[in-house]
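Numbered per the working numbering, the sequence shown finishes at 1262, counting up by one with no gaps. Heads up, the beta-carbon is just placed ideally off N, CA and C, and yes, glycines get one too. Scroll down for the structure; my scribbles are underneath it.
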Amino acid sequence: MHSRSSTIRTGRAVGAVAALLAGGLVLGACSGGGGDDKKDKGSAPSAGGSVSLPKLDGAHLEIAAVWTGQEQTNFKKVLAEFEKRTGAQVTFVPAQDPIINFLGSKIAGGQPPDIALLPQPGAIKQAVDKGWAKPVGPDALKEVQKNYSQGWQDIGKVNGKQYGVYYKAANKSLIWYNAKVFENAGAKEPTTWKDLLTTAQAVYDSGVTPFSVPGADGWPLTDWFENVYLSQAGPEKYDQLAQHKIKWTDPSVKQALQTLAQIWGKKDYLAGGQDGALQTEFPNSVTQTFTGGDQPKAAMIYEGDFVQVNIGETKAKVGTDAKVFPFPAVGSTAPVVSGGDAAVALKDSKAAQALMTFLASPDAATIQAELGGYLSPNKNVAISAYPNSVQQKIAKSLIASGDDFRFDMSDQAPQAFGGTPGKGEWKDLQDFLKNPGDVAGAQAALEKDAAAAYGSGS
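Listed below in structure tokens is the structure:
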């Protein structure tokens, strides 16, 4: 489990903060109106259940996740619906990060939870390698095959067998912008990289710096790179680089870094220039984009759906003052980079498999979607279940990507390369942000660190 979980980084941590929204931090003020009261619907799904579940009177289950606050509260409403339908009792076990270590101590003590929610493909593989994880049973597998695109099925497989059910997702291909600044600049939401540069220039000409880049944290830089690379080089190359089957000295990496330098290399396009960006941490990179009226420090901030939480710390309202567009297409199609949490059974009981079946169904996800601050990769959850237009747009672009989405590359890498502050990819991209003219130097550093990390495993 990557140490980055102390930042707002993994699918898990993304969720933990995005869930604050459901408490009405931001979203009550979004387009669609109706305030927060309409989201507080209790646990009944909006339609009759689509999935049949066994009677489990007297069964006791434990499910572990590192979710806290509103996210945990909302998930408990999902579990309450399962209890109502089956007669089972489900206890939520709050886990600590890294969850693999937490589960290890539970298992050593002879008390594993029945199910755990794991935030990375690598964590699922670890649970399988250690002999903890149980394959998804036939009923749950039917739900997975019916409700998820092949890509989301595959990311939950180990050695061709389904172990993970992706209950929750993050969409990390979004650019958030200050609507007032765009209006004053006559700037439009871009759909291509070329349009993005035109939009940036229009914003700059209007007297506002185009981008806020949180360079003090390495992980947002990896996310910038992943979006450019996925769109430009394509999904197959992305997979090869994620597995280090091609080197970081590959021409496709050179092209992506040169493309990034069209923004990162322009001092006037970055709030505080390169030096300022390298001193800006993620939360501040968001808040400085949405404070200062129509003269903020920057007009745009790239990052995932969890940006909403930090916007909530300002007076800006999501949907009116703060708007969002999908990361523009650099190549032929726009990228969709995601993160997420998968349910994995650690006991192969009838009750555990029934809960896996429920979590794989649209019934469970719809309950949490309606409560806000949550995104499901389940394609049979109605887009209208999401409580406002911004969340609907985010969900729509995730589902529309079908099998072309890709899981966050640095989350698939060994931790030494893709998940350690001040080291590996994080540090190499910070150095590149400092000196965007040195593409070859950045490639050499990335390859050296990748070779060391992948050679020694994670």
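Among all the DSSP beta bridges, which residues are the ones paired with residue i?
i	result
D1098	Bridge partners of D1098: none, in fact.
A869	P898
M749	Nothing about residue 749 can be reported from this structure: the residues present for the chain run from 805 to 1262 only.
V1128	W980
I911	Bridge partners of I911: none, in fact.
Q893	H864
V1122	A1126
I919	I867, A1149
T996	A1133
What's the call for residue i, buried or exposed, on a 16-neighbour Cβ count within 10 Å?
i	result
F987	At residue 987 the sequence reads Glu, which differs from the Phe that was named. It is exposed - the Cβ of E987 has fewer than 16 other Cβ atoms within 10 Å.
A1256	exposed
Q1083	exposed
T1093	buried
N951	buried
N1114	buried
K992	exposed
S800	No information on residue 800 is available, as it lies outside the stretch 805 to 1262 that the chain covers here.
E947	buried
T1124	exposed
E885	buried
K938	buried
Q1112	buried
Indicate the three-state DSSP secondary structure (helix, strand or coil) for residue i in the structure shown.
i	result
G968	strand
D1145	strand
V1134	coil
F1110	coil
N963	coil
A938	For the sequence presented, residue 938 should be read as Lys rather than Ala. Reduced to three states, the DSSP call for K938 is strand.
T877	helix
A927	helix
A973	strand
Y952	coil
D1009	helix
L883	helix
S854	coil
G990	coil
D1021	coil
E1344	Because the chain is modelled from 805 through 1262, residue 1344 falls outside the range shown and cannot be assessed.
K859	coil
Would you verify that the beta carbon of residue i is, or is not, closer than 7 Å to some beta carbon of chain D?
i	result
F1236	Absent from the structure: chain D. Only one protein chain is present.
Inside the segment 1043-1104 only - alpha helix (DSSP H) runs reaching at least 4 residues:
Listed in chain order, the complete alpha helix (DSSP H) runs (minimum 4 residues) inside the segment 1043-1104 are 1055-1068, 1077-1082, 1086-1091.
Going residue by residue through the segment 1172-1257, where are the continuous alpha helix (DSSP H) segments of at least 4 residues, counting only ones entirely within it?
Here the runs fully enclosed are 1193-1204, 1213-1216, 1219-1222, 1228-1238.
Using 8 Å as the threshold, is the segment 1227-1236 in touch with the segment 1166-1181, meaning 3 or more CB pairs across them?
Touching, no.
Is the segment 1188-1200 in contact with the segment 908-915, if contact means three or more CB pairs nearer than 8 Å?
Contact between the segment 1188-1200 and the segment 908-915 is absent, with fewer than three C-beta pairs closer than 8 Å.
When the Cβ atoms of the segment 1063-1080 are set against those of the segment 993-1009, are three or more pairs found closer than 8 Å?
The segment 1063-1080, when compared against the segment 993-1009, does touch it at the 8 Å Cβ threshold.
Do the segment 972-986 and the segment 1058-1069 meet, that is, are 3 or more Cβ pairs less than 8 Å apart?
With fewer than three CB-CB distances shorter than 8 Å, the segment 972-986 does not count as touching the segment 1058-1069.
Within 8 Å, do at least three Cβ pairs link the segment 1133-1151 to the segment 1197-1212?
With a cut-off of 8 Å, the segment 1133-1151 and the segment 1197-1212 count as touching, because enough Cβ pairs lie within range.
Stretch-stretch touch, CB-based, cutoff 8 Å, three pairs: the segment 886-894 with the segment 860-875:
Counting Cβ pairs under 8 Å, three or more are found: they touch.
Under 8 Å, with one C-beta from each stretch per pair, do the segment 1214-1222 and the segment 1236-1246 reach the 3-pair mark?
Contact fails: fewer than three Cβ-Cβ distances are below 8 Å.
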